[in-house]
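Heads up, the thing below is written out as structure tokens.
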Amino acid sequence: MELKDFISITDGFPKPGISFKDISPLLADPRAFKEAIHQLAEQTQELAPNIILGPEARGFVVGAPLALELGVGFVMARKASKLPGELVRCDYGLEYGTDSLSVEKALIRPGCRVVIADDLMATGGTAQALVKLVRECGAIPAGVVALVHLTDFDGQREFDPVPFRGLIKFNR
């Protein structure tokens, strides 16, 4: 099964010059979705995570089933004002401003190995912020994984030397 065939591409969205890679068709096909998570789990297993951390919202779609496949816990990194309790927060830049993500501090314990999982790796800003957040919790950023990797952007350099694994590769 060629997983790349389940990614739709829309040029000029959300603005001219962007080639949007949409994972929706892959998610809609249960065989392709299951195979993608299985392959991503194979790549992630060697990173020996205790926790998978997924950023809101598409990181939930990848991270939660990945955690189940690996038999480890899943923690959500939520946008501002979405979580109660003592939080650890990270800010990061976007093309059009800044955003932030938070996790409940008690869910990421010092010394645990955390793999950050998201739908797509491009510039690496979200992953870089989450690597810092994991370190602030006293945990070990064991790796970053993404369902789709836009290789032209080379975003994984932003959090080097933390290992990166991308499953479905595209040029811009």
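Counting in my numbering, the final residue of the sequence shown is number 309, and the numbers go up one at a time with none missing.
Where a beta carbon is used, it is the ideal one built from N, C-alpha and C, also for glycine.
Is the separation between the beta-carbon of Leu-287 and that of Ala-259 shorter than 9 angstroms? The answer is yes: Cβ separation under 9 angstroms.
Shortest alpha-carbon distance to Cys-227 belongs to which of Glu-172, Asp-142 and Leu-270? Among Glu-172, Asp-142 and Leu-270, the Cα nearest to that of Cys-227 belongs to Leu-270.
Taking 8 angstroms as the cut-off, is the CB of Ala-185 close to at least one heavy atom of the ligand NAD? Among the components modelled here there is no ligand, and therefore nothing to report on the ligand NAD.
Whole angstroms are fine: how far does the CA of Glu-223 sit from the CA of Lys-242? In this model, Lys-242 and Glu-223 are separated by some 6 angstroms (Cα to Cα).
Would a C-beta distance cut-off of 9 angstroms place Ile-189 and Phe-211 closer than the cut-off? When the beta-carbon positions are compared, Ile-189 and Phe-211 come within less than 9 angstroms of each other.
Beta-carbon spacing of Leu-220, Ala-173 below 9 angstroms: With a cutoff of 9 angstroms on beta-carbon distance, Leu-220 and Ala-173 are scored as not near each other.
Cα-Cα separation between Pro-300 and Asn-187, rounded to whole angstroms: Distance from the CA atom of Pro-300 to the CA atom of Asn-187, rounded to whole angstroms, is 16 angstroms.
Going by beta-carbon coordinates alone, are Arg-324 and Met-138 separated by less than 9 angstroms? Residue 324 is absent from the structure shown; the chain starts at 138 and stops at 309.
Give the DSSP-derived three-state secondary structure of Val-199 in the structure shown. The three-state secondary structure of Val-199, taken from DSSP, is helix.
Closer than 6 angstroms by C-beta to Asn-295: which residues in its own chain qualify, once you throw out the five before and the five after it? Chain order, please. In the sequence as presented, Asn is not what sits at residue 295; that position holds Glu. Exclusion of the five residues before and after Glu-295 leaves Gly-261 and Gln-265 as the residues of its chain whose Cβ lies within less than 6 angstroms of its Cβ.
Kindly indicate which three-state DSSP category Phe-290 falls into: helix, strand or coil? If DSSP states are grouped into helix, strand and coil, Phe-290 belongs with coil.
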